[in-house]
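2 protein chains.
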Amino acid sequence: MTVRIEDVARLSGVSTATVSRALRGLPGVGGRTRELVLQAAKALGYTPSPTASSLASGRTHSIGLIQPDMSRWFFSTILECAEQTFRKAGYDALVYSLPDYLGPKRQRFKARDLVGKVDAVLVLSLFFDKQEEAELRSLGVPAVFVSVRQKGYSHVGIDDGQAAAQACRHLITLGHKTIGHLSGQTNDLCPFAPSQRRRDGWKQTLTRFNLECSDSLDEAVTIMTASNGYLATKRLLDRRPDITAIMASSDEMAMGAIQAIRERGLAVGRDISVIGIDGHDLGRPFGLTTVAQPVRKQGVTAAEVALKAIEGDLALKTIIFPTTLIERATVGPPPAGRIR
Amino acid sequence: MTVRIEDVARLSGVSTATVSRALRGLPGVGGRTRELVLQAAKALGYTPSPTASSLASGRTHSIGLIQPDMSRWFFSTILECAEQTFRKAGYDALVYSLPDYLGPKRQRFKARDLVGKVDAVLVLSLFFDKQEEAELRSLGVPAVFVSVRQKGYSHVGIDDGQAAAQACRHLITLGHKTIGHLSGQTNDLCPFAPSQRRRDGWKQTLTRFNLECSDSLDEAVTIMTASNGYLATKRLLDRRPDITAIMASSDEMAMGAIQAIRERGLAVGRDISVIGIDGHDLGRPFGLTTVAQPVRKQGVTAAEVALKAIEGDLALKTIIFPTTLIERATVGPPPAGRIR
DNA sequence: CTGAAAGCGCTTACAG
DNA sequence: CTGAAAGCGCTTACAG
Numbered sequence: 001m002t003v004r005i006e007d008v009a010r011l012s013g014v015s016t017a018t019v020s021r022a023l024r025g026l027p028g029v030g031g032r033t034r035e036l037v038l039q040a041a042k043a044l045g046y047t048p049s050p051t052a053s054s055l056a057s058g059r060t061h062s063i064g065l066i067q068p069d070m071s072r073w074f075f076s077t078i079l080e081c082a083e084q085t086f087r088k089a090g091y092d093a094l095v096y097s098l099p100d101y102l103g104p105k106r107q108r109f110k111a112r113d114l115v116g117k118v119d120a121v122l123v124l125s126l127f128f129d130k131q132e133e134a135e136l137r138s139l140g141v142p143a144v145f146v147s148v149r150q151k152g153y154s155h156v157g158i159d160d161g162q163a164a165a166q167a168c169r170h171l172i173t174l175g176h177k178t179i180g181h182l183s184g185q186t187n188d189l190c191p192f193a194p195s196q197r198r199r200d201g202w203k204q205t206l207t208r209f210n211l212e213c214s215d216s217l218d219e220a221v222t223i224m225t226a227s228n229g230y231l232a233t234k235r236l237l238d239r240r241p242d243i244t245a246i247m248a249s250s251d252e253m254a255m256g257a258i259q260a261i262r263e264r265g266l267a268v269g270r271d272i273s274v275i276g277i278d279g280h281d282l283g284r285p286f287g288l289t290t291v292a293q294p295v296r297k298q299g300v301t302a303a304e305v306a307l308k309a310i311e312g313d314l315a316l317k318t319i320i321f322p323t324t325l326i327e328r329a330t331v332g333p334p335p336a337g338r339i340r
Numbered sequence: 001m002t003v004r005i006e007d008v009a010r011l012s013g014v015s016t017a018t019v020s021r022a023l024r025g026l027p028g029v030g031g032r033t034r035e036l037v038l039q040a041a042k043a044l045g046y047t048p049s050p051t052a053s054s055l056a057s058g059r060t061h062s063i064g065l066i067q068p069d070m071s072r073w074f075f076s077t078i079l080e081c082a083e084q085t086f087r088k089a090g091y092d093a094l095v096y097s098l099p100d101y102l103g104p105k106r107q108r109f110k111a112r113d114l115v116g117k118v119d120a121v122l123v124l125s126l127f128f129d130k131q132e133e134a135e136l137r138s139l140g141v142p143a144v145f146v147s148v149r150q151k152g153y154s155h156v157g158i159d160d161g162q163a164a165a166q167a168c169r170h171l172i173t174l175g176h177k178t179i180g181h182l183s184g185q186t187n188d189l190c191p192f193a194p195s196q197r198r199r200d201g202w203k204q205t206l207t208r209f210n211l212e213c214s215d216s217l218d219e220a221v222t223i224m225t226a227s228n229g230y231l232a233t234k235r236l237l238d239r240r241p242d243i244t245a246i247m248a249s250s251d252e253m254a255m256g257a258i259q260a261i262r263e264r265g266l267a268v269g270r271d272i273s274v275i276g277i278d279g280h281d282l283g284r285p286f287g288l289t290t291v292a293q294p295v296r297k298q299g300v301t302a303a304e305v306a307l308k309a310i311e312g313d314l315a316l317k318t319i320i321f322p323t324t325l326i327e328r329a330t331v332g333p334p335p336a337g338r339i340r
C-alpha cells in the first residue's frame, strides 16, 4: 500500500541503488536517468522511509534539544529558533526536558533515552556533571552548549558577568548606592550557572565602586521565576528597607520584584528602581529596564554550530554575544530623601 | 563496537527472538530465561537500536507536536506538559512549528516532513484546511487537536465563547457600559479560531445586556502579542476615548493594552479597566485580572488522548475544561465621572 | 554511469 | 516456551 523505493525503481526501469542516488542528488547519475527517476518518484508520490534510511545510513536527521523546561520564555525562544534552523536544513527537532520545578534538583540526563535517535545535541542552561557528561559522550554525537559552558564542547552564550556589571553600572551612574540583588541559587549540579556569574558581576561591580555588597543585600531563589522574585523581594525589603535599587538576575524575577514593591505602596522607578537581565518579550509592556541578550540569535547560531559539527567541522567554537542596555521606566535616580 | 541484540543472545545462550521478547516484557518467556537475558543485557549495557526496532515493528515511539510558534507561552506550556506525559509513556516528542510571525498567513502543513516518523500527532491552535487535512490523513496516524476544533478529530480545549462572556459579565457587573475589545484577526486559514469565538462571546454578551458592541469598539490584530495589543489599544483609545474597559482576547494583548493606557497617563483599573483571557504566568506580577484556562491540564490530557488512540482507542473525544475568573488589580468599577 | 547483493539491527509470524 | 528465518526499506561498498 505504501510506495517503496522498489516501486520507483521498477517504474523508472533502473535499480534501487540508482533511485537512491538520484533522489538524494548524489553525483554519478546520468542526467536522463535522474530525470526518469524523479518523474517516477513524483508520479508515485514516493517518500523514502526515514527509519529504513536511518538504519541503513546510520544517520537519523534529527537533533536532540535538551533543556530544563521549555515552558519558560528563554528556553522556548531558543528552541523555536533552533528548530526552525534545523528544519530548514532537513533535520527534525526532538525535545527533551529535564524539569526542575521543585528547585535546584533535577532529573539526571540519561543518554539511553536518546541513543541512536539523534545526530547531534543542543544543551540549554544545563551543567552536566561527570556522570552526565559521560552519558553525553556515550551518545557519540556532537553537542553544543547554550548559556552554560562545558569544558570540551562548543558554546554559545553571553558574558553573564559583564551583563550583570552593565546593569549595576547603570544603577550606580544614576546615583544608587544601596543595590540589592535577586540571584539564582547555586546548586551542586550547576556550579557555573549564569546565575552564579551574574551574582559575581554584581559583587565585583559594587566592590569596584566601593559600595556595599554584603550577603544581606543578596536574596537567592531556587528557580528564577516571577513568583520567586516576588517572594525574594519581600524578604529583601523586610531586611533592608534602605535599598534604593534592585538588580534582578532575570527579567522574570524583576517582574516579581515590581509586584512586591508596588504592593508596599512604593513607586517603581521612583522609590525603588528595578533592572533585570534577559530582554524578555514582556519586559516592554512592563516598562522594565533591562540588559538584553540576543536570544533568537543564540538559538540560530547554536543550531548552525551543531549542523556544521554534523558535517564534520568538529572544531570547538565559543561564540559570545554582546548584551544591550534597554532603558525603560523601572529605573530612575534614587529618591532625594534617601540618598545617604 | 556498539552492542547488538545478537551479542545479548549469544551471551545468554538463546535466540535473538527470545531476547527481543524477554526485553520487551512480552508473555511466553520462561522465568529463568528472562532472568538470564536481562542479566546479559545489563552486563553488556545493551540498548536496542530504536531505528531498527522501528523499521521492523512499524512503530516509531515518537509523537509529532505541531503548533504555530513554540516561543509563545501558551504553546510552550502545552508542549512542555505533553512532552513530559509522552516521555513517561516511553515516547519522544518531535516538535514542528508553522510560524505565523508575519501575520495570519502561515506555512502550510506538509505531511511529507512527518511521514513514517510519528505514531500520533498533536495539533495546537491550528485550523487545517481541506488540503492540510488530507495531508494529515495521509500520515495514517491518530491526531488530536488542542484549542481548535477540527471535524472528525478528538479535541481538547475550553469554551472560548463562554470564557469571553465570563470576562464581559465581570466588567458589566461592575457597571461598565462601554467595553472595547481587542481581538485576534479572522484569517482564511483559521475561520473557527479561538479568537473568533472570543469575539463572538464579547458581542453576544454585550448584546444580551443591551450594550453597544459596534465595530468601532473592536480592534483586531494579526497575532495576539503584547506589542500588537499595545498598538491596537492606541488606535482604540483614539477612536473611542469614551470606553471605560477593555476586554482583550489574550493576556498578552491585555499587557500591551496596559502599557498603552499608562502611556496616556491614565490609571489602569481606575480610569480604564483591563481584563484578559488565558491565565498567563506573568499575569500575576502584572496584577492582571483574567479568565484563566487550565493550560497544563490541557497539555497532559491531549497527550493522554493521543496515547490512548495509539493503543487502539480511536473513539473521538471532546474534552472541554472550565475557565476561572481571577480577580486582580486591573479591573475596577468605571470612574464615576465617566458613567453615562 | 549502473546494478547485484550484502548489510543496517531489530520484530514477527510460523513451526515445533 | 523457544528458534530459524523472513522481512522491514533503505544505503553502500564493490564490480563492471
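For the protein sequence lines, the chains are A and B, in the order given.
According to UniProt numbering, the residues represented by the first sequence are 1 to 340, in order.
According to UniProt numbering, the residues represented by the second sequence are 1 to 340, in order.
The beta-carbon is built from N, C-alpha and C at its ideal position, and this holds for glycine as well.
For residue i, three-class secondary structure by DSSP
i	result
arginine 150 of chain B	Before going on, a small fix: residue 150 of chain B reads as glutamine here, not arginine. Coil, per DSSP.
leucine 94 of chain B	strand
proline 85 of chain A	Here the sequence assigns threonine to residue 85 of chain A, which means proline is not the residue at that position. Three-state result, threonine 85 of chain A: helix.
glycine 283 of chain B	helix
aspartate 7 of chain A	helix
glutamate 212 of chain B	coil
alanine 17 of chain B	helix
glutamate 311 of chain B	coil
threonine 173 of chain B	helix
aspartate 251 of chain B	helix
isoleucine 258 of chain B	helix
alanine 220 of chain A	strand
alanine 292 of chain B	strand
phenylalanine 127 of chain A	coil
proline 322 of chain B	coil
Residue i versus residue j: straight-line alpha-carbon distance, rounded
i	j	result
aspartate 69 of chain B	leucine 65 of chain A	16 Å
threonine 289 of chain A	arginine 270 of chain B	25 Å
arginine 296 of chain A	leucine 316 of chain B	39 Å
valine 144 of chain A	alanine 226 of chain B	32 Å
residue 343 of chain A	serine 183 of chain A	Only positions 1 to 340 of chain A appear in the structure, and residue 343 of chain A is not among them; the question remains open.
leucine 38 of chain A	leucine 11 of chain A	11 Å
isoleucine 275 of chain A	alanine 302 of chain B	39 Å
glycine 299 of chain A	phenylalanine 75 of chain B	18 Å
threonine 233 of chain B	glutamate 263 of chain B	11 Å
leucine 206 of chain A	threonine 47 of chain B	52 Å
glycine 161 of chain B	lysine 105 of chain B	24 Å
glycine 30 of chain A	alanine 41 of chain A	16 Å
CB contact below 8 Å: residue i versus chain A
i	result
glycine 116 of chain B	yes
glycine 279 of chain B	no
proline 322 of chain B	no
serine 273 of chain B	no
alanine 93 of chain B	yes
arginine 137 of chain B	no
threonine 60 of chain B	yes
leucine 282 of chain B	yes
methionine 70 of chain B	yes
proline 99 of chain B	yes
arginine 76 of chain B	In the sequence under discussion, the amino acid at residue 76 of chain B is serine, which differs from the arginine named in the question. It does: the Cβ of serine 76 of chain B has a partner Cβ on chain A nearer than 8 Å.
Assigned exposure category for residue i - 16 Cβ within 10 Å defines buried
i	result
glycine 157 of chain B	buried
lysine 117 of chain B	buried
serine 27 of chain B	First, the amino acid is wrong: residue 27 of chain B is proline here, not serine. Proline 27 of chain B comes out exposed.
glycine 152 of chain A	exposed
glycine 13 of chain B	exposed
glycine 90 of chain B	exposed
asparagine 228 of chain A	buried
alanine 165 of chain B	buried
Contact test: residue i Cβ vs the ligand HEM heavy atom, cutoff 7 Å
i	result
serine 273 of chain B	As far as ligands go, the structure on display features none, and thus does not contain the ligand HEM.
Below-8 Å beta-carbon distance, residue i vs any chain B residue
i	result
valine 121 of chain A	no
glycine 256 of chain A	yes
glycine 287 of chain A	yes
methionine 224 of chain A	no
Rounded distance between the beta-carbons of residue j and residue i, thought under 8 Å
i	j	result
aspartate 113 of chain B	tyrosine 96 of chain B	7 Å
alanine 163 of chain B	isoleucine 246 of chain B	That belief does not hold up - the Cβ atoms of alanine 163 of chain B and isoleucine 246 of chain B are roughly 16 Å apart, past 8 Å.
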